[in-house]
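Peer 1: Converting from the sequence shown to UniProt numbering requires adding 46 to each position, the first position being numbered 1. Backbone N, C-alpha and C define an ideal beta-carbon position, used for all residues, glycine too. What follows is a structure written as structure tokens; I'll ask about it next.
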Amino acid sequence: VEASIPEPLREAWRKHSAKEFTNKEEFEKELVRHIETTLARSLYNCDELAAYSGTALAFRDRLIIEWNKTQQRQTFTDQKRVYYLSLEFLMGRALDNAMLNVGMKDAAREGLRDLGFRIEDVISQEHDAALGNGGLGRLAACFLDSLATLNYPAWGYGLRYRYGIFKQEIVNGYQMEIPDYWLDNNPWEFPRHEITVDIQFYGSVKKYQDENGKIGHSWEDGEIVQAVAYDVPIPGYGTKTTNNLRLWSSKASSGEFDFQKFNAGDYESAVADQQNAETISAVLYPNDNLERGKELRLKQQYFWCAASLYDIVRRFKKTKRAWSEFPDQVAIQLNDTHPTLAIVEMQRILIDIEGLEWDEAWGIVTKTFGYTNHTVLPEALEKWSVPLMQNLLPRHLQIIYDINLFFLQSVEKRFPNDRDMLARVSIIEESHPKMVRMAYLAIIGSHKVNGVAELHSDLLKTTLFKDFVEIYGPDRFTNVTNGVTPRRWLHQANPALSSLIAQKLGGHEFLTDLTLLDKLEAFVDDKEFRREWAEIKTKNKLRLAKLIKDTTGYSVNPESLFDVQVKRIHEYKRQQLNIFGVIHRYLKIKGMSNEERKKVIPRVSIFGGKAAPGYWMAKSIIHLINKVAAVVNNDTDVGDLLKVIFIEDYNVSKAEIICPASDISEHISTAGTEGSGTSNMKFVMNGGLIIGTCDGANIEITREIGDQNIFLFGNLAEDVEDLRHRHFYGDFQLDPALAKVFKAIKDNMFGDAGDFAALMASIEEHGDYYLVSDDFHSYVTTHEMVDEAFLNKEEWLAKSITSVARMGFFSTDRVINEYADSIWNVEPLAVKD
Ligand code: CJB
């Protein structure tokens, strides 16, 4: 392609092509140019927001120059690419990340200072891009960072929601949800109005015979909605690679705006159609680990899958390769079952549009897709009602039935006369109404299925997907333990620690090879190093204390032990266990003599997290935490010995302040319920210790850092089923210490006990499904061990340093390389200038 452009033309382009700023002076020039021209502001009316926008635009220019080069290089080289399909990308802020990844933060700091601004104030102007709920969405964002950093030719595909996850406000102790309209002045996206795809819904299927007598299917009529591409540049750290995240926005297709209605004077209803189309990408569903089966959600899924596949196929077809080469050029990873329709859509494109035979098409499809499962919770497993799918996607339902038929035929051959097996593994659940089991469809349509931590992947193989392991053999199922990007979660969130580590290790290479952290162990006994380590933790605690003061009005003492649990509020994550433990501690302190109180280690219990708007139990947990905070924090008798904080509107940018400031963090899900957890990794990477159950990645964290460096408690996954069974048959006794906590609540110590009746009843009366009572004693005594350990400052520091030194395994760079080798079979693309 390059050679087809005449040299003089190329020369002219080269001469005038955009140049990146490379130093402070050039940055300042770009900044002022953007402020004065793009933003039409000046020295006299440039506030911090304008300074932010100008800085972001200057950096965006840099990214886009690299983006262009990367895309050209990927097109010319034409090697296999990865496409990561995720309904959620929880990106957080982009500016700080861009500055660090391109290595120009110092220049920007000085440049901004010359022009009268503090870089921290400028950075904090940015609105988080919060297109996700929690762990699953943040994992996708960490993956993008690693994919670019490792130079993989990779694209993310998602939806451009007009409203991200809601903003949480706490009013009188209750969660309120405020819409998050985040798109005003978003400098990080490039609308590609020329890249549009028409997406069809509803209608009907016609069977026909072509001139050769071959039967075909055409999907006719229905509605058309247009998908418009918006591109977000994803810079790698310390590399020129800048990948693309393509987000689709919905819009009425030109045919949709009904000119007949319009001409007949029915302007309002013509506009209503338009708005209807725009509804598809309007809002992120705010549920974490829960599927509700709403039609609009299915529409979102198909809209996004169809647009992305159209784009991928279009790119492949430009190469004029044979279809059989598709899986050598394209790997598509399904982030959970949300994009499973992509499997069906791909099969539809191949057989209905491209005219391939079923078997050939299906071979291509299954070689192309990989599926990641993130949870075993039954309420999170997607099922779609057959009538709903019949109406919205009639041709897709037919194809699903055919996939199922061929699959069940093959199962029957291998397991003759096992009718139960056929019913169990059928994609169609024979309920009323019938349901399409999306996880089964995803397994059948992929060549690899993975869980996100060892225990989780083992549970998938022995429980949920057991039959499929028998059918396909164990090789289709694998584990890829999650990680986090050390660029954001160490370097960006904790610059002081990153630079102390760099000082000891002789540079920042550990940021791209996190296993190098192991060299830190040599300094564990170094007094001066320990002092600096401790000093950094204290400064980070002060930074969090300021956030707490600014947002809650409460003052906390940074000498106290900071105990943090921040994540989505969910019964299985057991914030209720934590707050009951806090009440237990409070009652204990209240019963102490002054002498006894002198021995108490002062503690700040910090909570944060959103509840799904319709999840009443989660909301009442938030309510209880806030009520306990109001009582405890105003009890002058207790003072600094205990403080309870609920940080409102927990999000990525707050996590960047919270993670470096913990002494201990809580990852206390009922064993066997948390897929992996990733905040556990962020906290340990920042020198915090963990109290946790033997669940998710806690197990591998323990293996890596050593069991003397973590506080584990509670029942094991293998015991959970039996305990639940016993509770169900009435074998249940409320833990005596927990009974005292309940009594205090019932005595209205924290306001109207009626508000918390359901929460207590779920434990006392309804079988304690999450084993809060079973684990309470071990939880409380383990916290006593935490207090004890915190007393010995030197020992604590040694644990903290040793743990960080052993966290190399948990970088998403390792994770992405594992996916690339064992699932995608893609190679990095060498970067040249
Ligand atoms: N996860 O965030 C979600 N949402 C879901 O609907 C299902 C799972 C989480 O995914 C993370 C990334 O793999 C896991 O670390 C976490 O355990 C899991 O709950």
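(1) Check for me: the alpha helix (DSSP H) holding Asn437 runs from which residue to which?
(2) Bridge partners of Thr68, per DSSP?
(3) Is Leu185 close to the ligand CJB? I mean its beta-carbon at under 8 Å from any heavy atom of the ligand.
(4) Among Arg620, Glu834 and Ile847, which one has its Cα closest to the Cα of Met806?
(5) Taking only the alpha-carbon atoms, compute the straight-line gap between Thr682 and Gly183 and give it to the nearest angstrom.
(6) Compute the minimum distance between the beta carbon of Asn697 and the heavy atoms of the ligand CJB, and state whether it is under 8 Å.
(7) Can you give me the C-alpha to C-alpha distance between Glu403 and Ile397, rounded to a whole angstrom?
(8) Find out if the Cβ-Cβ distance for the pair Arg87, Ala96 is shorter than 9 Å.
(9) Comparing alpha-carbon positions, which option in Gln375, Leu837, Ser666 and Ile445 lies nearest Asp405?
(10) Taking 8 Å as the cut-off, is the C-beta of Arg614 nearer than that to any heavy atom in the ligand CJB?
(11) Please classify Phe452: does DSSP put it in a helix, a strand, or coil?
(12) Could you give the residue range of the beta strand (DSSP E) that holds Met481?
(13) Taking buried to mean at least 16 other C-beta atoms within 10 Å of its own C-beta, is Trp870 buried or exposed?
(14) Under the assumption that Ile473 contacts Ile449 (Cβ atoms under 8 Å), give the Cβ distance between them as a whole number of angstroms.
(15) Counting only the same chain and skipping the five closest in sequence on each side, list residues whose C-beta sits under 6 Å from that of Gln393.
(16) Using beta-carbon positions only, say whether Phe856 and Asn528 come within less than 9 Å of one another.
(17) From what residue to what residue does the alpha helix (DSSP H) around Asp781 run?
(18) Tell me which residues share the same chain as Glu223 and place their Cβ nearer than 6 Å to its Cβ, disregarding the 5 neighbours each side in the sequence.
(19) Would you mind stating whether Leu293 and Tyr203 have Cβ atoms separated by less than 9 Å?
(20) Find the nearest neighbour of Lys65 within the set Leu89, Leu562, Ile517 and Ile110, judged by alpha-carbon distance.
(21) If you reduce the DSSP assignment to three classes, tell me which class Gly157 lands in.
(22) Using C-beta distances below 6 Å, list every residue in its chain close to Thr242, excluding the 5 sequence neighbours before and after it, in chain order.
(23) Can the beta-carbon of Phe710 be found closer than 9 Å to that of Gly734?
(24) Within the present structure, is the beta-carbon of Asn528 separated from the nearest heavy atom of the ligand MN by less than 8 Å?
(25) Can the beta-carbon of Val612 be found closer than 9 Å to that of Val690?
(26) Is the stretch 476 to 496 close to the stretch 410 to 428, with three or more CB pairs under 8 Å?
(27) Cβ of residue 33 within 9 Å of Cβ of Gly157?
(28) Under a Cβ-count criterion, where at least 16 other Cβ atoms within 10 Å of its own Cβ denotes burial, should Leu588 be classed as buried or exposed?
(29) Is it the case that the Cβ atoms of Val168 and Arg108 are separated by a distance below 9 Å?
(30) Between Val861 and the ligand CJB, is there a pair consisting of the residue's CB and a ligand heavy atom that are separated by less than 8 Å?
(31) Buried or exposed: where does Glu76 fall if 16 or more other Cβ atoms within 10 Å of its Cβ makes it buried?
(32) Whose CA, out of Ile745, Lys786, Gly813 and Gly797, lies closest to the CA of Phe774?
(33) Using a Cβ-Cβ cutoff of less than 8 Å, which residues in the same chain neighbour Arg533 once the five nearest sequence positions on both sides are dropped?
(34) Do the stretch 413 to 433 and the stretch 480 to 488 touch if we need at least three Cβ pairs shorter than 8 Å?
(35) Along the chain, where does the beta strand (DSSP E) that runs through residue 881 open and close?
Peer 2: Once the coordinates are examined:
(1) The sequence position of residue 437 within the sequence shown is 391, counting from 1. Per DSSP, Asn437 belongs to the alpha helix (DSSP H) from Val432 to Leu438.
(2) For this step, residue 68 is matched to residue 22 along the sequence shown. Per DSSP, none; premise fails for Thr68.
(3) The residue you call residue 185 lines up with position 139 of the sequence shown. Answer for Leu185: yes, Cβ within range of the ligand CJB.
(4) Taking the first residue of the sequence shown as position 1, residue 806 is located at position 760. Selected option, being the one with the closest Cα: Arg620.
(5) Walking along the sequence shown from the start, residue 682 turns up at place 636. Walking along the sequence shown from the start, residue 183 turns up at place 137. Their backbone Cα atoms lie some 42 Å apart in a straight line.
(6) By one-based count along the sequence shown, residue 697 stands at place 651. Outside the cutoff, so no.
(7) In the sequence shown, the residue the question calls residue 403 occupies position 357. In the sequence shown, the residue the question calls residue 397 occupies position 351. Straight-line Cα distance between these residues: approximately 6 Å.
(8) Translated into positions along the sequence shown, residue 87 becomes position 41. Translated into positions along the sequence shown, residue 96 becomes position 50. Their beta carbons are under 9 Å apart, which means Arg87 touches Ala96 by this criterion.
(9) For this step, residue 405 is matched to residue 359 along the sequence shown. Answer by Cα proximity: Ile445.
(10) Taking the sequence shown and counting its residues from 1, one reaches residue 614 at position 568. The answer is yes for Arg614.
(11) Here residue 452 is taken as the residue at index 406 of the sequence shown, counted from 1. Three-state result, Phe452: helix.
(12) In the sequence shown, the residue the question calls residue 481 occupies position 435. Run containing Met481: Met481 to Arg483, per the beta strand (DSSP E) assignment.
(13) The sequence position of residue 870 within the sequence shown is 824, counting from 1. When all chains shown are included, Trp870 counts as buried.
(14) Counting from one through the sequence shown, the residue named residue 473 turns up at place 427. Counting from one through the sequence shown, the residue named residue 449 turns up at place 403. Contact holds; Cβ gap of about 7 Å.
(15) Mapped onto the sequence shown, residue 393 falls at position 347. The residues are Ala407, Val411 and Ile445.
(16) By 1-based counting over the sequence shown, the position of residue 856 is 810. By 1-based counting over the sequence shown, the position of residue 528 is 482. Result yes, Cβ atoms of Phe856 and Asn528 sit closer than 9 Å.
(17) Here residue 781 is taken as the residue at index 735 of the sequence shown, counted from 1. Taken as a continuous stretch (DSSP letters only), Asp781 belongs to no alpha helix (DSSP H), as it is neither H nor E.
(18) Within the sequence shown, residue 223 is the residue found at index 177, counting from 1. Closer than 6 Å at Cβ, skipping near neighbours: Phe212 and Pro659.
(19) Position 247 of the sequence shown, counted from the start, is the residue given in the question as residue 293. Position 157 of the sequence shown, counted from the start, is the residue given in the question as residue 203. Going by C-beta atoms, Leu293 is nearer than 9 Å to Tyr203.
(20) The sequence position of residue 65 within the sequence shown is 19, counting from 1. Comparing Cα-Cα distances from Lys65 to each of Leu89, Leu562, Ile517 and Ile110, the minimum goes to Ile110.
(21) Translated into positions along the sequence shown, residue 157 becomes position 111. It is helical.
(22) As a position in the sequence shown, residue 242 is number 196, starting the count at 1. Cβ within range, chain order: Gln272 and Val274.
(23) Residue numbering aside, residue 710 sits at position 664 when the sequence shown is read from its first letter. Residue numbering aside, residue 734 sits at position 688 when the sequence shown is read from its first letter. Strictly speaking, residue 710 in this sequence is Ile, with Phe absent from that position. Yes, these two residues count as a Cβ contact at 9 Å.
(24) Ligands displayed in this structure: the ligand CJB; the ligand MN is not among them.
(25) Within the sequence shown, the letter at position 566 stands for residue 612. Within the sequence shown, the letter at position 644 stands for residue 690. Not in contact: Val612 and Val690 (Cβ atoms no closer than 9 Å).
(26) yes
(27) Because the chain is modelled from 47 through 879, residue 33 falls outside the range shown and cannot be assessed.
(28) Within the sequence shown, the letter at position 542 stands for residue 588. Leu588 comes out exposed.
(29) On the sequence shown, residue 168 is found 122 positions in, with the first residue counted as 1. On the sequence shown, residue 108 is found 62 positions in, with the first residue counted as 1. The answer is no: Cβ separation not under 9 Å.
(30) Within the sequence shown, the letter at position 815 stands for residue 861. Outside the cutoff, so no.
(31) Translated into positions along the sequence shown, residue 76 becomes position 30. By the 10 Å Cβ count, Glu76 comes out buried.
(32) Residue 774 sits at position 728 when you count from the first residue of the sequence shown. Taking only the C-alpha atoms, the option nearest Phe774 is Gly813.
(33) As a working mapping, residue 533 is identified with position 487 in the sequence shown. Contacts found: Asn143, Leu146, Asn147, Asp191, Thr195, Tyr283 and Leu557.
(34) yes
(35) The structure shown does not extend to residue 881, since the chain spans only 47 to 879, so no value can be given for it.
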